[in-house]
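The sequence shown begins at 553 in our numbering and counts up by one.
The beta carbon of each residue, even a glycine, is placed where N, CA and C say it ideally should be.
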Amino acid sequence: MVSFTDRAATPANVLVRILDRESVLLNLETEQYFGLDETGTRMWQLVTGLPNIEAAYQDDARGVRCRAGIAPLPPDGTFNPARGQRLAPCNPC
Numbered sequence: 553m554v555s556f557t558d559r560a561a562t563p564a565n566v567l568v569r570i571l572d573r574e575s576v577l578l579n580l581e582t583e584q585y586f587g588l589d590e591t592g593t594r595m596w597q598l599v600t601g602l603p604n605i606e607a608a609y610q611d612d613a614r615g616v617r618c619r620a621g622i623a624p625l626p627p628d629g630t631f632n633p634a635r636g637q638r639l640a641p642c643n644p645c
């Protein structure tokens with residue numbers, strides 16, 4: 553389970569390259585790669601560059617406020633997709 557107080561970090565075996573506001577993540581062990589669009593790249597930079605996931609959620613650097621952008625956390629403060637929690641769409645201000 554992932555909590556808002558967790559800090560995200562790039563694993564040592566993952567190479568990240570940003571190209572024209574998009575990025576590629578390459579797992580050097582499995583040789584699998586993933587491409588992120590501009591939004592995904594921005595979120596990756598926020599969650600890996602700020603102290604915790606809560607700080608990334610609260611960041612409003614691009615003027616987008618996600619009032620209902622993340623499903624409400626249960627009382628134990630964790631996010632668990634296995635319990636049916638899903639991300640809700642973000643609404644521009």
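Around the C-beta of T557, fewer than 16 other C-beta atoms lie within 10 Å, and the residue is accordingly described as exposed. The beta carbon of I605 sits closer than 8 Å to the beta carbons of V554, S555, F556, T557, D558, R559, A560, V599 from its chain, once the five residues preceding and following it are set aside; these are given in chain order. Put simply, of A607, Y609, Q610, N565 the residue whose alpha carbon is nearest the alpha carbon of Q584 is N565. Between I570 and T593, the beta carbon gap of about 6 Å places them in contact (Cβ cut-off 8 Å). The C-alpha of L577 lies about 21 Å from the C-alpha of Y609.
Under the three-state reduction of DSSP, L578 is assigned to strand.
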